[in-house]
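Novice:
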Amino acid sequence: MQKFSLKSISKSRVGKYNMELKKILNSDHAFSRIFAVLTIAIGSLSLLGWVFDLGYLKAVIPNLVTIKFNTALCIFLLGLVSYAYSSESPKQKRWFNLTLTAIVFVVSSMTIIEYLAGFNFGIDELVFKDIEVTYLKPGRMSFVSATVLALTSFSIFLSYKKLFHTIAGLIQVLCLFISVLALLGYLYGASNLLSFLSYKTIAPQTVVAFLCLNLSLLFSARDSVILQPFLAQQSGGLLSRKLLPISMFTLMLIGFCVREMTQYYKIDASIDGVIVVTLSLFLFSFFIWWNARRLNTMDLRLTEKRKSLEQLNTELEERVRIRTEELQKSELKFRETVELAADGIFEADLNGIYTSVNLSGCRMLQYDESELIGKTIMDIIFPEDTAKLKVVLKHHAASSDIIQLEWNLRRKDGTSLPVEISARSVKGNRIVAFVRDISLRKKSDLAIVSSEKKFRTVFEGAYDSILVADENGYITMINKKLGERFGYREEELIGKPIEVLIPERYRAFHVGRRMNYSAHAHSRPMGAGLDLFGLKKDGSEFPVDISLSPTFTDEGLRVTAIIRDVTERKKFEDQQKFLADMGRVLEEAFDYDEKFEKLAELLVTKYADSCVIKVVEQGELVYKASATKQKEKSEEFKNNVQKFLMPGSFGSLHVLRTGEAVIVEDTEKEITENSEVDQANKKALLQLGAFSYAVLPLISQGRAVGTIAFIKNSKNSKISKADADFFKIIASRCAVVLENARLQQYSRLAEVVTNSLPSLIAYWDKNEICQFANKSYIDWFGFSPENLVGTLMRDLLGDQLYQKNKAFIEGALNGQVQQFDRDLTMKSTGQLRHTKALYIPDFIQGKVAGFFVLVVDVTEIKEAELEALSQKDRAERAVKTREEVLAIVSHDLKNPLSAVSLSADFLDQSKALDWAIVRDCGVRIRRSVKQMQNLISDLLDFAKMESSSFAVELVDEDLKQIISQVVDSFKTLAQQKKITIRADMPSLVKNVACDGGRIVQVLSNLIGNSLKFSPIGSEIVVAMKDLEQNLLISVADNGPGISAEQLPKVFDRFWQSEKAKKLGSGLGLSIAQGIVVAHNGKIWVESEIGKGTTFYFTIPYSNTDQLLAKKKTPAQASSISHNTLFGAHILLVDDSEDNIVFVKMILERAGAEISVASSADEALKIIQKNQLDLIITDIEMPDGNGFQLLADVRKALGKNLPVISFSAHSAGLQYDKILRSGFDGNIFKPVKPDAMVGEISRVLSSHQSVI
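First residue of the sequence shown? That's 312 in the numbering used here, and the numbers climb one at a time after it.
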């Protein structure tokens, strides 16, 4: 592990110095670009001066020499080269730089040659004429300028070779020296320095440009030996960068100032040198002192930083020690992780010898780690794989990339293990390999290959054409059947757009449809109602049906299209449509001859160029109708076919005699070239223009009754034997028409006879369609003759009567005479008549073709019988109702009775009970009793409605308040089922006269039903709406809904839907209907499967006239104390021991003294012996009853002793009898204790008891 020390810190500081040096170098590049830009600016401004003849741009200082055009151009070009050279990658612009540099070198060299050799190459005034004539050579740059430009351009050439970088830098320093010399000449007025060899002076802007140009080139050199001492980070470099610029500037400034001072004060020139030296010594001494002070300060800071670094080194070494310990722990954890890894991890040296193997690797190969250490991979592979492995290792030996391959390793037991290996060389001359067991994946791959093979077999063996296309509509796969049907080879379609298989007229439209489908991909089955066509390679089209199935893969959307050729289906559909049109045409035609004329015209529109129909009349085959597409020749064609009758085996007579069709596909070959056909018939065929024809018999009831001929005049659409089957169907339909027409003639005679009979006579075919009815039959059912014939028997009789007669209809169609009685309503008069019906089968060739109906009116005979049957039916219905009620009571009372019984048994068998358990049992008993009360209450209401004794008590009520209270009462239950229930009512609603309790009963039933069937998270809305004459109330839910078939049964008694079985008595909605009807209102239901159900009912405002009270009197809450009946002696008479026990406990708790009797006789004995204040008696008892006991008490004591009935009869005849019998009070079972004590207290008070 690497340790940190001062050496590493010093290396770090060197790295920082190199970074700072890089920054300095980068800053030098910035200086280089600045000087290059100045050079370009001087050159460009001077060129503008020449272009626009601006003197102040050509000569910066008036009366001095001007910069020449060639000089300005060369400066500008070298400025561009310098700027490009100062960029980050000057080599990228190498040829650009060298080209411009070569131009400058050539121009400057030619100028030098002109000066030295006295030649004139004509380059001086090549562009502009020089008007400065003070010199011998106008327009020529100075010799110094040419020399500097030549040297500078030559140094640029050298700078592109690393070997000559130093020479290039020295040349640039020389050029700087010449430029500085000329600059000092201008500053100090030394004119001798401004010329060379007395040829010409150099312009001042030229001097500045040369300085900038060479400085730019020097600063742009990245490895310049000349600049490195100045750029170094050591003290020398630092000192030189501080002293050199200021010393150069100071010396030049001193020289200039001394010169100006000596000239101004006229000082002797010999003193100039003394002054210059003195000032220079003083200033240099000052600069050296100042820099020495700065260097001493830097050394002190460096010493302090060295101490800080030593302290930092100590801290770092401590941190390294801590980090080392952490790394050791981390390495230990890593080793543990390696051992627990699912993959095998093998570590080997560079010779491939294993040095470490984790636990998973050992398990894979069934070795111990000690057995694998020291082995190589050659030891765990099969011998036959050795040569192959050496090739792989040799291929990867020269690469440091990860080796990834799949291999079969040899386990210890010799079995093969397929693995995936990832190996790589790592630091420390080690090789690490990760080995993963892929045996399961291999099995999966084999399964996938097998599955793909099966898929391919199914794909290629499919009867339909199948292709797969990508999301852009390009075909990626087709099966063999598609290639065969469209006429393509597979390679011709793969990669092509699917539109090549679509007719040209649909392609543009299909592209848009395809793009829309790709954006909203979904499955589309066949038979989607689209008219689609495929295009074969030969250009022919055929109708197709296509199903689409999208699949999203890693490569994007893939659409599988199954294409089915529906040519035959389309042909069949066209044929069926034609037959339907044919039937319609035949039905519309009434006349016998008109039917055949219209049929012939219809046939030539689709299946023939001409058509001829002939029928047998009076034993001879005669012409009946014909038609041709050539309307202008229709009369001529008609005359020809009437005369023409092909003899032999090719004509209608042969077809009529044999009953077999004749099809001639080519008349020229089969007839005109046949020597057996005479010339007259051949000539007639030529006149008809028949190229091919077919003659078929019209078969009716097994015999030929005519012929029909189809003629085609064209070779392109000739008649073939493939058309025979459909032509036979047409011929069969024509035969039926012919036979029906004849039957119509026979039926006229029968019609005259049957219409004169008083009985009802009709004929129905085997399809139960009326073919005939006499006048009495028509008058009875109120039909017109044309409407009755062709009517189904079900439509005539109605569903109910038809179902009653169905067995007799089936018996007649099975060949058996049927006789039965039936009650029929004569629709013309509305009278119910009693009839006797006779169904007689009609046999044709041994099969039943229909049946005759004979109905005789026997009303007078049957009236007595019907009366008896009516009474019997009422008795049976009463028994059925009783049985239904008993079934409900016996079933629905068992559950609550069972709960009460179990609770009582539990309390009885438990020795010590917790009060909470007792209370829970009490709650369960009370809930069961409430359930029984509700059932009994429903049964009593139902009994009242059945007996028409149900009535409501109308009171002025605020229904808005009633609805709110009912909704609130259901909210807890709704919350338990996670259902929202709310009321939606207008702010202002008028009061309505109604029975508030009964309306609550209706609403509770409707809301309760909604809660039963509404799903979790749904909503129930109770709404109210003012309809002027009525108040509309609705209860809507989001439940499963009620089917249309079940809606009419909703209000039937005892009816329940399949989902509601065993959830109630089935009387709730029937009672709700009775309550609403008793209010003169209406109730109905609207429902849709899957969307919910809404019940509506109305309460009319007109009920106000029937109000029993203007305002409902609020019930007074009873408050019974333990002393309410104190001192009262009460006799309790009941044959139920349980009732006696509980009532006695309640009354004694209220302070009363109780005597008990189980029968009326026992009660009379107690009355005679005791002074009583009140008698409470049951009505139904085994020995006597409450009515008899009341009569005996009244007879003995009059009304001095009050008597209260105690009965379970709260409705019906017994209830009415109790109210009329004269009891002083009534207590109805079941009763609540407070109500019972309250009633007793009321009766005692009214009799001025001792209470």
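Glycine is no exception: its CB is placed at the ideal position from the N, C-alpha and C atoms. Quick caveat, the model's predicted, so the values are computed rather than measured.
1) Which ranges does the alpha helix (DSSP H) cover as unbroken runs of at least 4 residues, wholly within the stretch 343–375, from first to last along the chain?
2) Please return the same chain residues whose Cβ sits closer than 6 Å to the Cβ of phenylalanine 439, not counting the five positions on each side in sequence.
3) Pick helix, strand or coil for alanine 1519, following the three-state DSSP scheme.
4) Relative to the alpha-carbon of leucine 1338, which residue among Pro1297, Ile1331, Ser1321 and Pro1351 has its alpha-carbon at the smallest distance?
5) By Cβ distance below 8 Å, which residues in the same chain neighbour aspartate 679 in space, the five residues on each side in sequence not counted?
6) Are there three or more Cβ pairs, one per stretch, closer than 8 Å when the stretch 1403–1410 is compared with the stretch 1326–1343?
7) Does serine 1325 pass the burial test, meaning 16 or more other C-beta atoms within 10 Å, or should it be called exposed?
8) Per DSSP, what kind of secondary structure is histidine 1440 in: helix, strand or coil?
9) Here's the rule I'm using: 16 or more other beta-carbon atoms within 10 Å means buried, otherwise exposed. How should cysteine 568 be labelled?
10) Please work out which residues of its chain come closer than 6 Å, Cβ to Cβ, to valine 737, disregarding the five sequence neighbours upstream and downstream, and give them in chain order.
11) Specify, as a first and last residue, the run of the alpha helix (DSSP H) that aspartate 885 falls within.
12) Using the C-alpha atoms, what's the distance from glutamine 1286 back to isoleucine 1331?
13) Between the C-alpha atoms of valine 376 and glycine 366, what's the straight-line distance to the nearest angstrom?
14) Let me know the secondary structure DSSP gives leucine 1068 once reduced to three states.
15) Can lysine 1023 and alanine 938 be called in contact, C-beta distance under 8 Å?
16) Would serine 464 and valine 415 qualify as a contact pair, given that the criterion is a beta-carbon distance under 8 Å?
17) Locate the alpha helix (DSSP H) running through proline 1152, then write down its first and last residues.
18) In whole angstroms, give me the CA-to-CA distance for isoleucine 692 and aspartate 712.
19) Identify which residue in Glu682, Leu683, Ile684 and Asn719 has its Cα closest to the Cα of leucine 700.
20) If you draw a straight line from the C-alpha of glycine 1141 to the C-alpha of asparagine 1098, how long is it?
21) By Cβ distance, which residues of its chain are closer than 8 Å to threonine 687, with the 5 residues on each side in sequence left out?
22) Excluding five sequence neighbours on each side, which residues of the same chain lie with their C-beta closer than 8 Å to the C-beta of phenylalanine 844?
23) I'd like to check one pair, glycine 970 with proline 1008: are the Cβ atoms closer than 8 Å?
24) Where do the N-terminal and C-terminal ends of the alpha helix (DSSP H) with leucine 1314 fall, by residue?
25) What is the C-beta distance between alanine 1294 and serine 1275, in whole angstroms, given that I count them as a contact (C-beta under 8 Å)?
26) Need the endpoints of the alpha helix (DSSP H) that valine 1452 sits in, please.
27) What number of angstroms, rounded off, separates the C-alpha of valine 417 from the C-alpha of alanine 341?
28) Would DSSP call tyrosine 903 helix, strand or coil?
29) Which partner residues of aspartate 1363 appear in the DSSP bridge assignment?
30) Alpha carbons only, please: which of Asn1450, Thr614, Val1504 and Ala773 is nearest the one belonging to valine 1542?
31) Around the Cβ of serine 466, are there at least 16 other Cβ atoms within 10 angstroms (buried) or fewer (exposed)?
32) Have a look at serine 1560 and glycine 1509 and give me their C-alpha separation to the nearest angstrom.
33) Any chance the CB of threonine 477 is under 7 Å from a heavy atom of the ligand PLP?
34) Hey, out of Lys765, Asp1363 and Arg1460, whose CA is closest to serine 1381's CA?
35) Looking only at C-alpha atoms, which of Glu695, Gly655 and Thr697 sits nearest to leucine 683?
36) Pull up the CB-CB distance for leucine 728 and aspartate 748, whole angstroms please, since I reckon it's below 8 Å.
Specialist: In brief:
1) 366–369
2) If you number the sequence shown from 1, residue 439 lands on position 128. Within the same chain, phenylalanine 439 has close Cβ partners Trp361 and Phe380.
3) Within the sequence shown, residue 1519 is the residue found at index 1208, counting from 1. The answer is coil: DSSP assigns alanine 1519 none of H, G, I, E or B.
4) As a first step, residue 1338 must be located in the sequence shown, where it is residue number 1027. The residue with the shortest Cα to Cα distance from leucine 1338 is Pro1297.
5) Here residue 679 refers to the residue found at position 368 of the sequence shown. Excluding positions up to five away in sequence, the list reads Cys673.
6) yes
7) One-based indexing of the sequence shown puts residue 1325 at position 1014. Its Cβ being crowded by 16 or more others within 10 Å, serine 1325 is buried.
8) For the purposes of this step, residue 1440 is identified with residue 1129 of the sequence shown, where counting begins at 1. The answer is strand: DSSP assigns histidine 1440 an E or B state.
9) Reading the sequence shown from its first residue, position 257 is the one you call residue 568. Answer is exposed; the Cβ neighbour count stays below 16.
10) Taking the sequence shown and counting its residues from 1, the one referred to as residue 737 is at position 426. Around valine 737: Val743.
11) On the sequence shown, residue 885 is found 574 positions in, with the first residue counted as 1. Counting along the chain, the alpha helix (DSSP H) containing aspartate 885 begins and ends at 878–899.
12) Position 1020 of the sequence shown, counted from the first residue, corresponds to residue 1331. Position 975 of the sequence shown, counted from the first residue, corresponds to residue 1286. So the alpha carbons of these two residues sit roughly 12 Å apart.
13) Residue mapping note: residue 376 aligns to position 65 of the sequence shown, counting from 1. Residue mapping note: residue 366 aligns to position 55 of the sequence shown, counting from 1. Roughly 11 Å separates the two Cα atoms.
14) Taking the sequence shown and counting its residues from 1, the one referred to as residue 1068 is at position 757. Coil, per DSSP.
15) Residue numbering aside, residue 1023 sits at position 712 when the sequence shown is read from its first letter. Residue numbering aside, residue 938 sits at position 627 when the sequence shown is read from its first letter. No, they are not a contact pair.
16) Residue mapping note: residue 464 aligns to position 153 of the sequence shown, counting from 1. Residue mapping note: residue 415 aligns to position 104 of the sequence shown, counting from 1. In contact: serine 464 and valine 415 (Cβ atoms closer than 8 Å).
17) Reading the sequence shown from its first residue, position 841 is the one you call residue 1152. Here proline 1152 belongs to no alpha helix (DSSP H); instead the beta strand (DSSP E) covers 1142–1155.
18) Here residue 692 corresponds to residue number 381 of the sequence shown, with the count starting at 1. Here residue 712 corresponds to residue number 401 of the sequence shown, with the count starting at 1. About 23 Å.
19) Numbered from its first residue, the sequence shown carries residue 700 at position 389. Closest by alpha carbon: Asn719.
20) Within the sequence shown, the letter at position 830 stands for residue 1141. Within the sequence shown, the letter at position 787 stands for residue 1098. Computed Cα separation, rounded: 20 Å.
21) Reading the sequence shown from its first residue, position 376 is the one you call residue 687. Cβ neighbours of threonine 687 beyond the five flanking positions: Ala659, Asn662, Gly663, Ile664 and Tyr665.
22) Taking the first residue of the sequence shown as position 1, residue 844 is located at position 533. The residues are Ile813, Pro814, Tyr817, Glu852, Phe853, Pro854 and Val855.
23) Along the sequence shown, read from residue 1 onward, the residue named residue 1008 stands at position 697. Along the sequence shown, read from residue 1 onward, the residue named residue 970 stands at position 659. Yes; because the gap between Cβ atoms is below 8 Å, this pair is in contact.
24) The residue given as residue 1314 occupies position 1003 in the sequence shown. It spans 1307–1324 - the alpha helix (DSSP H) in which leucine 1314 sits, taken as one unbroken run.
25) Here the question's residue 1294 lines up with position 983 in the sequence shown. Here the question's residue 1275 lines up with position 964 in the sequence shown. About 6 Å separates the two Cβ atoms, so the contact holds.
26) The residue you call residue 1452 lines up with position 1141 of the sequence shown. 1448–1460 is the extent of the alpha helix (DSSP H) around valine 1452.
27) Mapped onto the sequence shown, residue 417 falls at position 106. Mapped onto the sequence shown, residue 341 falls at position 30. C-alpha separation (whole angstroms): 30 Å.
28) Here residue 903 refers to the residue found at position 592 when the sequence shown is read from its first residue. Note: tyrosine 903 maps to helix in three-state DSSP.
29) Indexing the sequence shown from 1 puts residue 1363 at position 1052. Answer is none; aspartate 1363 lacks a bridge partner.
30) Taking the sequence shown and counting its residues from 1, one reaches residue 1542 at position 1231. When only C-alpha atoms are compared, the closest one is Asn1450.
31) In the sequence shown, counting from the first residue as 1, residue 466 sits at position 155. That one is buried.
32) Indexing the sequence shown from 1 puts residue 1560 at position 1249. Indexing the sequence shown from 1 puts residue 1509 at position 1198. Model confidence at serine 1560 stands at a pLDDT of 44, short of 50, so the residue's coordinates are unreliable; what they give is reported in the following sentence. Each residue's alpha carbon lies about 16 Å from the other.
33) Among the ligands in the structure shown, none appear at all, so the ligand PLP cannot be discussed.
34) If you number the sequence shown from 1, residue 1381 lands on position 1070. The shortest Cα separation from serine 1381 among Lys765, Asp1363 and Arg1460 belongs to Asp1363.
35) Taking the sequence shown and counting its residues from 1, the one referred to as residue 683 is at position 372. Here the closest residue by C-alpha is Gly655.
36) As a first step, residue 728 must be located in the sequence shown, where it is residue number 417. As a first step, residue 748 must be located in the sequence shown, where it is residue number 437. Indeed, because the Cβ distance is near 7 Å, the residues count as touching under 8 Å.
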